[in-house]
Each structure stands twice: as C-alpha cells, then as structure tokens.
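Novice:
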C-alpha cells in the first residue's frame, strides 16, 4: 500500500485555478465555459478540435503540443499523455519534492481538466458493433487525464460532464477563482463513476463471443451480458460471468419506492424504449407497471389491433380485434372493476374513438407507439394522466432479469418473446383423441401468450382472442381457475366454447374439471395441447 509522506500531500485547500486543460469530444457548452474561465484570468490549454472550437469563439489557447514539446501524432491518437501533462496534474501542492521536480523540468501545474470521452456506447450501437468502429472509439488519453486529475482532487478539479460547467464556473466566480474541497471531491467521485461505466461498457463489448474481425451484439448500461446465442458459453461452460458488476446511470430520482416510507431511484436508459409525453413524473410503481405492459404488448407487436389493461403488473384483460376501440372494449369487459387507475397499452397508433373510450374511467397511464392527430390534445386535458410513447420493442432490451434477494442477486435470461405466426407451436403436442380446431388453436395460442405475463399460479380463459377471465397469483392453480371464472361470470361473459391456458402443469384432475365445468371443454370431448414449456412469473 502506498501512503502519503510527511509533507502536505493532501492539503484541505487549494490555490485559485490558474491553468485549465480542455479536451472534449462533446463540444456542448465548452466555449461558454472557457470564456468564463478566461474572464477569471485562467490560462487555457487545449487539443485538436477543442482548440479550434475555442479559437473560433475568440479565445486565446495554448496548444497542448506547446506544453509537451511533442506534436500530436497518429492522427490525434496520441496527444495528451506525455509526462508534462500528467506531472502538471498529479503534482502535490505544498510538496517541496514535487515542486522541485516541476521547476527542474519547466512544468507548470494544471488546476482544472474539462474532458469528455469518445462515445463508445453510441458508436457500437449505431454501427452494429463492428470491431473497427469499436476500437476507434475507445478513448485512452481522456480517461487517463480525468483519472489523474481526480486522483489529485486535493488540488485539481476534474470535470467530465458538460452539465457541470455552469455550476463550476459559478463557484469559481463567487470564490475568487477557487473551488471548495467538497466540490473537488464530488467532481472526483463523478469522474471515477464515469470512467468506471466507460470501461465497463468496453469490457462488455469484448466479453461477447465473436470472430476477431466479426460483428457482435451487445446491450448497454450493465455489465452482465446475454450471449449472442444459446450455444455461446464461457470457457468454463457457464453462460454468465464469474463476477458481476453493475454500472448504470441514475436516470431518475423517485419520490419514494413501492411504499411512501421507502426511498428509491431508477437507473438505466429508459429513453431507449419509451418517452413520457405528458403528466406527472413516473413513480416507482408506474415504472414497474409500465415494464410489465411493454413486455406483454410486445407479444402482440406484429398482430392485429391489440389492447391490454394492467393493474399491479397483472393484465386485467387483453383482446385482439379488427379495430382498436373494439379491442379495448373486449379487454375492459374481462374485469370491469380492476382497470380503474390502471395502465392501458395498445400496439397501434391510438385513435380518437379509442381514446374517448379509455377516457370514460380514470386511467393512470396510456401507452401507444403513436397518437393520431388531435388525440394528444384530447388526452392532455387531464393534467395528471401520464401519456407514454412506446419506442423500440421490449425484445430489443437484452438486459437480463435481475432480482435482489437476501444475500445477493438472482440473474436469469429474460423469458423470450414468442415468435410470430405458428413458429412457436411447432413443438406443441396434442395428447388427446380430439385435436383442437383451427379457431381453438388460435385462441389457445392467444391465451398462452397472455398467461405468460400473469403472476403464478396463472390461469387464463379466452375466446375469439379475448380474455374472459384471468386468475392471478394464487397459491393453488384450482383457486386461480375458479377466480378467473368468477371474474368472467361477474361480467356476464359466455364461457361456452372457451379455451383455458395455464402457466404450468395441472397437477390434479380437479383443475381440469374446474375448467370443463366452466364450459372451456366438454369432459367427453376435450382437446388439449401440451406446450412443453413453463412460464412461471413471480
């Protein structure tokens, strides 16, 4: 372990900022920031494109090559790593040995670094993660400078986020060009978090199995990778890494968690999949419900007009129809009580007729991929209502399912979205004498997709691709079946000719008998499909 020596290696204060090094990929706000530094008498040092931007803004800039005595080479790949830069960043103020070394080498201290990095994650996402593109967007000098400045936070400010420029400049202006120890320490924390996320994203990329010159797929925001295919496993045969590290940006501070006495925050990149267009900020429970809604509707992304209504992450009703308004009405009829205060999601542009039908009761969140002309204005008449636009399909989110349990995290692959048409039915088996009719098979496929998104034990009754009753979260599958029937009967729905789907096996005959008694099948002429796949959801 390296320990500080007896001299003042870690002073609690620092002299005013006299010299700043600015080298940024994202030029947002850098010229204004530099003008404010210049007004305080700060010498500006810069590199390549940043220096050009500052000069175009009318500022005097010292090229970093003048400081290092070494020109930028390799097309700018080497420009900010010579000792003259890092010694200026790492020199301990008040340390006689460091001061003597700087003096002997003719190096002046650097008091502030403004630097942001090549956009690695964006580059691999937009360009299909080709190795050549990925390699060119791995920043080397930037992280090195930022880490050097952050290490010496006792005297140097490391600024990695353009959003921080204004606050830093304001504090400098109010404190005769100096930053408080607390500010420098906070900036150091932000810097190390930023570089850790950056390195994690790069490590994620290289953790994927791919040919040296190939193309790989990855997701962004967490280190745990889903392999490119089911056969791509690590050398030890495990599909998951030996060590799991999570590095996610805080996307939103939440008022509270699942309950008001619990603090909470949301981490990740929600903007990749949805945009909130109107209404109050999404709460912890809203985000949880919204995730469930997006996963469910993704099962019907390529289907005819489909509507799902959810409450506490469980669907209260789902339906497919030739018109979106009809799909909503059929989904609503499954359970006319529970949708109040729930979430409605559709797989088509929301039209005015459907919007007016939804508007008849209080619906907390409405989700659609698009909104027809005039619909947004109508829906926005209720200020508290949250309106969300669905962007990319949930199936494009390759993050695994991660759940906190006592002692650690449970991690698994997501239960995949069913494939369209008949593809997912190829492995189905009919063990009964009578095979289902074409209509029954279509209804069974629909009910099976819905059951996958109902908390276990789950039972779904359906007819004509609309739910008749949903039994969710029961300890007994028989109870789930009876609950589903009661729900539908309360809405006076006709179960004759209905089908029933269960998220797992019926362990006893009485579960099947409960289904038959409801009219799902004649006990002497029952047709059954075994899917060979279970869909527990807890």
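In the numbering used here, the protein residues as written are 4 to 541.
Cβ coordinates follow ideal geometry from the N, Cα and C atoms, glycine included.
Count the other CB atoms, across all protein chains shown, that sit within 10 Å of the CB of residue 435; report buried if there are 16 or more and exposed otherwise.
Specialist: When all chains shown are included, residue 435 counts as exposed.
Novice: Alpha carbons only, please: which of 127, 172 and 117 is nearest the one belonging to residue 145?
Specialist: 117
Novice: Measuring CB to CB, does residue 348 end up less than 8 Å from residue 296?
Specialist: yes
Novice: Would you list, in sequence order, the uninterrupted alpha helix (DSSP H) runs of no fewer than 4 residues that lie entirely inside the segment 166 to 221?
Specialist: DSSP runs (the alpha helix (DSSP H)) wholly in the segment 166 to 221: 168 to 177 and 184 to 210.
Novice: Taking 8 Å as the cut-off, decide whether the C-beta atoms of residue 370 and residue 391 are in contact.
Specialist: A contact, by the Cβ cut-off of 8 Å.
Novice: Below 8 Å, can you find three or more Cβ-Cβ pairs linking the segment 326 to 334 to the segment 458 to 466?
Specialist: no
Novice: When the Cα of residue 241 is compared with those of 386, 162, 415 and 129, which residue comes out closest?
Specialist: 415
Novice: Which residues bound the beta strand (DSSP E) around residue 46?
Specialist: 46 to 49
Novice: Among 99, 72, 98 and 110, which residue has its Cα nearest to the Cα of residue 90?
Specialist: Comparing Cα positions, the closest option is 110.
Novice: If we count the other Cβ atoms within 10 Å of its Cβ and call it buried at 16 or more, is residue 478 buried or exposed?
Specialist: exposed
Novice: Take every Cβ of the segment 166 to 182, pair it with every Cβ of the segment 141 to 158, and state whether three or more of those distances are shorter than 8 Å.
Specialist: no
Novice: Whole angstroms is fine: what's the gap from residue 156's alpha carbon to residue 194's?
Specialist: 11 Å
Novice: What does the Cβ neighbour count give for residue 168, buried or exposed, with the cut at 16 atoms within 10 Å?
Specialist: buried
Novice: Please check the pair residue 473 and residue 366, which I expect to be a contact at CB under 8 Å, by giving their CB distance rounded to whole angstroms.
Specialist: Contact doesn't hold; Cβ gap of about 18 Å is too wide.
Novice: Whose C-beta lies closer than 6 Å to the C-beta of residue 273 among residues of the same chain, with five residues either side of it excluded?
Specialist: By the criterion of a C-beta distance shorter than 6 Å, residue 273 is surrounded in its chain by 254, once the five residues flanking it on both sides are discounted.
Novice: What are the residues that DSSP puts in a beta bridge with residue 314?
Specialist: 317, per the DSSP bridge assignment.
Novice: List the residues that DSSP assigns as beta-bridge partners of residue 270.
Specialist: Note: residue 270 sits in a beta bridge opposite 253.
Novice: Can you name, in chain order, every residue of its own chain whose Cβ lies under 8 Å from the Cβ of residue 47, other than the five neighbours on each side?
Specialist: 23, 25, 37, 40, 41, 57, 62, 63, 64 and 65
Novice: Buried or exposed: where does residue 395 fall if 16 or more other Cβ atoms within 10 Å of its Cβ makes it buried?
Specialist: exposed
Novice: Below 8 Å between beta carbons: does that hold for residue 187 and residue 160?
Specialist: yes
Novice: Classify residue 71 as buried or exposed, calling it buried when 16 or more other Cβ atoms lie within 10 Å of its own Cβ.
Specialist: Buried: at least 16 other Cβ atoms inside 10 Å.
Novice: Going by CA-CA distance only, name the one from 314, 315, 318 and 335 that's closest to residue 324.
Specialist: 335
Novice: On a Cα-Cα basis, can you pick out the residue from 499, 94, 293 and 122 that is closest to residue 153?
Specialist: 94
Novice: Would you tell me roughly how many angstroms separate the C-alpha atoms of residue 289 and residue 493, rounded to the nearest one?
Specialist: 28 Å
Novice: Kindly indicate which three-state DSSP category residue 529 falls into: helix, strand or coil?
Specialist: coil
Novice: So, helix, strand or coil for residue 464, using DSSP?
Specialist: strand
Novice: Let's test the definition: count the other Cβ atoms within 10 Å of the Cβ of residue 448 and tell me whether it reaches 16, buried, or not, exposed.
Specialist: buried
Novice: Measuring straight from C-alpha to C-alpha, what distance separates residue 30 and residue 345?
Specialist: Whole-angstrom Cα-Cα distance: 43 Å.
Novice: Exposed or buried, what is residue 172 when buried is set at 16 or more other beta-carbons lying within 10 Å of its beta-carbon?
Specialist: buried
Novice: Rounded to whole angstroms, what's the CA-CA distance from residue 386 to residue 351? Just pull it up for me.
Specialist: 23 Å
Novice: Report buried or exposed for residue 540, applying the criterion of at least 16 other Cβ atoms within 10 angstroms of its Cβ.
Specialist: Buried: at least 16 other Cβ atoms inside 10 Å.
Novice: Please report how far the alpha carbon of residue 528 lies from the alpha carbon of residue 266, in whole angstroms.
Specialist: Cα-Cα distance, rounded: 55 Å.
Novice: Got a sec? Which residues, its chain only, sit under 6 Å from residue 281 by beta carbon, not counting five neighbours each side?
Specialist: 383 and 390
Novice: With H, G and I counted as helix, E and B as strand and the rest as coil, what does DSSP make of residue 472?
Specialist: strand
Novice: What are the boundary residues of the beta strand (DSSP E) that includes residue 406?
Specialist: 404 to 408
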